[in-house]
Structure formats: structure tokens, C-alpha cells
Amino acid sequence: MPSANHDTRFDATWDRRFAVLLTGLFLLRLGYLLVAPLDLAPDEAYYWDWSRHLDWGYLSKPPMVAWMIGGSTWLLGSSPFGVRFPAVLLGTLGLWCLYGLGRRFYGPRVGFWAVVLSAATPGNCALNLIMTIDAPLMLFWSFSLYGLWRSVEDSGRHPFWWMMTAFAVGLGLLSKQSMLGFPALLPVFLWASRKDRHLLRGPWPYLFVLFSLMFLVPVVWWNFRHDWATLHHTAHHFEHVKGGVGLSLLPFLKLLGTQLGVLSPLTWILMIVVGVAGLRHLCRRDRREVFLLVFGVLPLLGIFLLSLRQKVHGNWPGPVYSALAVLLAAWAVGALPQGPRLSGWRSLFRPAWVTGALLSILAYVLPFLLLATPLSGSRLDPTVRVRGWRELGTRIGTMKEAILPGDRGFIASPRRQVVSELAFYIPGQPQVFRWPPHKGSSPTQYEIWPPPSGGSDAEALLVIEAKRGLPKNVHSSFEQVRPVGEVSVPLGPEKNRLFKVYRGSGLLRWPSIK
Numbered sequence: 046m047p048s049a050n051h052d053t054r055f056d057a058t059w060d061r062r063f064a065v066l067l068t069g070l071f072l073l074r075l076g077y078l079l080v081a082p083l084d085l086a087p088d089e090a091y092y093w094d095w096s097r098h099l100d101w102g103y104l105s106k107p108p109m110v111a112w113m114i115g116g117s118t119w120l121l122g123s124s125p126f127g128v129r130f131p132a133v134l135l136g137t138l139g140l141w142c143l144y145g146l147g148r149r150f151y152g153p154r155v156g157f158w159a160v161v162l163s164a165a166t167p168g169n170c171a172l173n174l175i176m177t178i179d180a181p182l183m184l185f186w187s188f189s190l191y192g193l194w195r196s197v198e199d200s201g202r203h204p205f206w207w208m209m210t211a212f213a214v215g216l217g218l219l220s221k222q223s224m225l226g227f228p229a230l231l232p233v234f235l236w237a238s239r240k241d242r243h244l245l246r247g248p249w250p251y252l253f254v255l256f257s258l259m260f261l262v263p264v265v266w267w268n269f270r271h272d273w274a275t276l277h278h279t280a281h282h283f284e285h286v287k288g289g290v291g292l293s294l295l296p297f298l299k300l301l302g303t304q305l306g307v308l309s310p311l312t313w314i315l316m317i318v319v320g321v322a323g324l325r326h327l328c329r330r331d332r333r334e335v336f337l338l339v340f341g342v343l344p345l346l347g348i349f350l351l352s353l354r355q356k357v358h359g360n361w362p363g364p365v366y367s368a369l370a371v372l373l374a375a376w377a378v379g380a381l382p383q384g385p386r387l388s389g390w391r392s393l394f395r396p397a398w399v400t401g402a403l404l405s406i407l408a409y410v411l412p413f414l415l416l417a418t419p420l421s422g423s424r425l426d427p428t429v430r431v432r433g434w435r436e437l438g439t440r441i442g443t444m445k446e447a448i449l450p451g452d453r454g455f456i457a458s459p460r461r462q463v464v465s466e467l468a469f470y471i472p473g474q475p476q477v478f479r480w481p482p483h484k485g486s487s488p489t490q491y492e493i494w495p496p497p498s499g500g501s502d503a504e505a506l507l508v509i510e511a512k513r514g515l516p517k518n519v520h521s522s523f524e525q526v527r528p529v530g531e532v533s534v535p536l537g538p539e540k541n542r543l544f545k546v547y548r549g550s551g552l553l554r555w556p557s558i559k
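Numbering (this note's numbering), first residue to last: 46 to 559.
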């Protein structure tokens, strides 16, 4: 049997390896933000625009992403680096929490490989470079996993970790609505774990849930004042479930394909094989394994079952992979035996993380490679959505100064993606308004904020995507509307963004989408 000193040296070795890995990833991603030829994604620009109107809630999401972007841009400036820096920081802290979880469960070796499995995926690369609601969600979910295990590890005798976990879950609830799934899984774990089932008879699980949900009070108050806007928007994602009992295989297959690409095929397949095998005799297994299965495999299966009824976005399963990464790492190093039927699968572990690492490297270099190939701007170019916006904003800003100089007039566009990108990239970052395209169209946050004032002297520059055409309600809203030019932004040999620009004079009324 190894001595205690040997164990200490062994742990220290893996701790050092993890520290080197985490530091290297942080510096790599930080440097990448400075050199990557990528403009803000439309969602990033949209959330940045939220950060200029800080509030307790927004139409489609809770306020955390706006708060974080607001704080970062206040410190670092309103630039792409300032917007995206929180994603790098949050991703680094999330991997640290994942290491802590694996280390607490099965030792530092498992924690290290869990981090490798998570970091060596294209999805993690994007998550740690693009600032969306998933960046804070992943951090708070990972910390909540660690905190919850600390809460139940000592039979729940000490309240500190219950409160810390509730705090993390509360912050997660302020990040994304799907964090509600975390407290919902707690009673499932406590019931499935024979050693922890007695906690259901005590107060702390219920106080934990209550304290977590208290973080939603300001969000609920905001929704009460805004006709329950977030509730209506969230319900829209599940509107197909209200129909009949018919099933559709296409959304299921699309979700499957997305997950194979986000995680890398071998890693995802191994997670499913090991996870599903672990569900057999779930209640008889070690409490650590039960914990990882309940917070990993069960919600993943639930999401895939939901995809048989409706469209499911590819980022929805993201948080559950934290538990699955620890589960797979423990199985791969032999800390989690699954019987002889799965022993042969262990030979695929190394190819799995190596493949994921290679795909991650490709994800980093792809934007640079595509710029030098005929594929740039084509349908095979995944970076099209994050290129061309800077040039569009600069050219529209120049046109606006020539036609409506200074503070004269305002700028509007029908699509919120274009509105937010123009707001960020037009010099001076003015307020840009979303022109309501037609009655019955989907509302955005721009409809909650006040529209520009009208009058005979009110003028506007309307930026319209050529392929969509001028909305019919424009001519009836102005005394005069006339075209003033076109802006074509090249994206590559086969693609460009073409916009037509109109000048509206004498705003009679601001149309409604209701």
C-alpha cells in the first residue's frame, strides 16, 4: 500500500499539472481575444446594448449577462475585448470548479482529466470566447455541483455549504431560466442515494430551495411591471408541447448532430455509454456515482426526449456535461468500475480527448484559415455571422454624418441583430432603434424601451437588408421616404451583406407590433 507521503506527492503532481493547464488556457484565450478577426456576434451586441440600460430583468433573459458586460466595459472600455473578457474569466473559474469537484470525488487525477475532457471540445472554446448567457450559467452550475456535494458529504450537518450553494444557484437563476433544473434535481438525488435519503426529513434541502428562489424576486417584480414579458417569451420555446401527442425524429437528429460537434463525437459517445450503463441499479450504486448520474445523465435524457416533440437548441444540454465529464474521467482511470462489458471501451478514452483537442485547435485557427480560402463567406463558412459588422457600422456612421450630421435624426432597422450591431459599431455608439416591421412580429427588448419622439422635424436613417425589403408601414409613418444609397459589405468571394438606406422625414407616428 502506498505511503501517505507518496499520496501527497502524487496529489501535488496532478495539482501542478492542473495549474499549468488552467493558466495556459487562460493566457491563450486572453491573447486570442486580442488577435481574433471576429466581430461581436449579434447576441453579444444585443446583450451589450442591454448593459447600457441596466435593469432587474429583460424581455428574453434574466439580467446577469447585462450586469457582467456592463461591469467589464466600465473597467476595460466598450470594445469587443471589454465585452468578451468576462467569458474568458468565467470559463477559467468554471474549469477550476470542475477540477475541485473531480478532486473531491475521486482525487486530483480524475479532476485533471475531467478538465481536459471539458476544455478539449469545440463547444468549450466558443463558450469561453463569446459572451452570452451560457458563460455565467456554466460557472454557477459547476460551482453549485461542488457546493451541493459539500453540503451532503457530511450528512448535511453544517449550513455553510447549503447557503453557499443556494447563493450560487440564485446567481445562476439570474443568468438563465434553465438553472431552475438544478434545485429540481436535488430531491431526485436524495431519494436515489440511500445514504442521503434521510436528508429529505430535515430542513436544509427545503431552505436551500427557498433561499435560491428568493433571487428571482427582483426578476418577478420586473416582469410584473412589464406584463410578464420574460414568462411569455420562455413559454414560446415550449409552445409545440401544447399540441397533440405526435413525435418528430428530425429535431432529435438535429440535436444529436449538434452534440457530436459541440463535444467531439468520441467524447459524447463515451459519456452516453458510461452514463446509460450507470443507470442500471441506480439506487444501489455509490453515492458519488448516483450524484453524477442524476445531475448528468437524467437531465440529458430528458432534453433528448423533449427534442422528440419540439426544436431544442444545441446549447440547452451544456450544464449537464460538467457532471458527465467527472463521471467519464473517473471511469477512464479505473476509479469507477462498470463491469467487464465496458472495459474494452476504455481504449477509446485517449482518442476521444485527443480528437477533441484537435477539433478545438481547428476551431481556434479556422477564422484565420478561412480568410485565405475561397470558402470565406460561403455556406460552409461558420464565421459569417461574426464578420462584416464593424465595416457596416463605420460606413453607416459616415453616411449618417453626411446626411444627418451631429445629433440630428436617428437610425433604425427592422431586425434586432442589425440594430444591436449598428449600435455597437457606429462611431460614438449612438442609440439605434428597432423599426417595428409589422403587427404580430416577435417583440424584442427594443420594444420595451421608449421609441424616438416624432414631429415634422423628426428625421431618420433607415437601414434595411436588401433581401427583406422596406417594411410596408414605413411610408405611412413618415411624411416623406426616399432612398439615399446602398451599402455592400463583402464577406468573401461568394457572399456579401447588402443594405439599402432610406431617409425618412417628418415622423408621423411610431408603429406598433401589437
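All C-beta atoms, glycine included, are put in the ideal place defined by N, C-alpha and C.
CA nearest to the CA of residue i, picked from the options
i	options	result
residue 136	185, 264, 507 and 404	185
residue 192	143, 464 and 220	143
residue 312	65, 395, 99 and 103	395
residue 517	181, 175, 355 and 482	482
residue 170	275, 403 and 438	403
residue 163	370, 453 and 538	370
residue 76	89, 133 and 124	133
residue 487	278, 78, 202 and 98	278
residue 367	129, 123 and 183	183
Proximity of residue i and residue j at Cβ, strictly below 7 Å
i	j	result
residue 526	residue 499	no
residue 226	residue 257	no
residue 401	residue 458	no
residue 470	residue 435	yes
residue 248	residue 176	no
residue 104	residue 456	no
residue 352	residue 427	no
residue 513	residue 433	no
residue 327	residue 229	no
residue 431	residue 83	yes
residue 92	residue 111	yes
residue 196	residue 207	yes
residue 168	residue 307	yes
residue 210	residue 223	no
Residue i: CB within 6 Å of a non-hydrogen atom of the ligand NAD
i	result
residue 202	You won't find the ligand NAD in this model; it holds no ligand whatsoever.
Rounded separation between residue i and residue j - CA only
i	j	result
residue 267	residue 397	45 Å
residue 96	residue 261	19 Å
residue 48	residue 57	Confidence is the limiting factor: at residue 48 the pLDDT is only 36, short of 50, which leaves the residue's position unreliable, though a coordinate-based value still follows. Going by the C-alpha atoms only, they are around 14 Å apart.
residue 159	residue 374	5 Å
residue 546	residue 415	30 Å
residue 121	residue 386	54 Å
residue 239	residue 365	23 Å
residue 453	residue 341	55 Å
residue 61	residue 320	29 Å
residue 50	residue 152	Low local confidence applies: a pLDDT of 42 at residue 50 is under 50, so the model's placement there is unreliable, with the coordinate-based value given in what follows. Between residue 50 and residue 152, the C-alpha separation is close to 15 Å.
residue 551	residue 520	11 Å
residue 418	residue 533	21 Å
residue 68	residue 405	17 Å
residue 101	residue 472	29 Å
residue 554	residue 462	23 Å
residue 98	residue 490	10 Å
residue 202	residue 116	37 Å
residue 393	residue 302	20 Å
residue 476	residue 89	16 Å
residue 147	residue 140	11 Å
residue 161	residue 269	44 Å
residue 381	residue 233	21 Å
Terminal residues of the beta strand (DSSP E) in which residue i lies
i	result
residue 381	Neither: residue 381 is in no beta strand (DSSP E) and is coded neither H nor E.
residue 547	540-552
residue 477	477-479
Delimiting residues of the alpha helix (DSSP H) encompassing residue i
i	result
residue 405	394-416
residue 456	Unbroken run through residue 456 is the beta strand (DSSP E), 455-458; no alpha helix (DSSP H).
residue 117	109-121
residue 535	From DSSP, residue 535 is part of no alpha helix (DSSP H) but of the beta strand (DSSP E) over 523-537.
residue 322	310-323
residue 442	434-448
residue 265	262-270
residue 348	332-351
residue 466	461-470
Chain C within 7 Å of residue i, Cβ atoms only
i	result
residue 338	The structure shown contains no chain C; it is built from a single protein chain.
Exercise. Taking the runs of the alpha helix (DSSP H) that are 4 residues or longer, which of them lie wholly in the stretch 138-184?
Worked result: 153-164 and 167-172
Exercise. Unbroken alpha helix (DSSP H) runs of length 4 or more, entirely within the stretch 46-95: which are they?
Worked result: 49-80
For this session: Identify every run of the alpha helix (DSSP H) within the stretch 195-256, keeping only runs that are complete inside it and at least 4 residues long; order them along the chain.
Result: Here the runs fully enclosed are 204-218 and 226-237.
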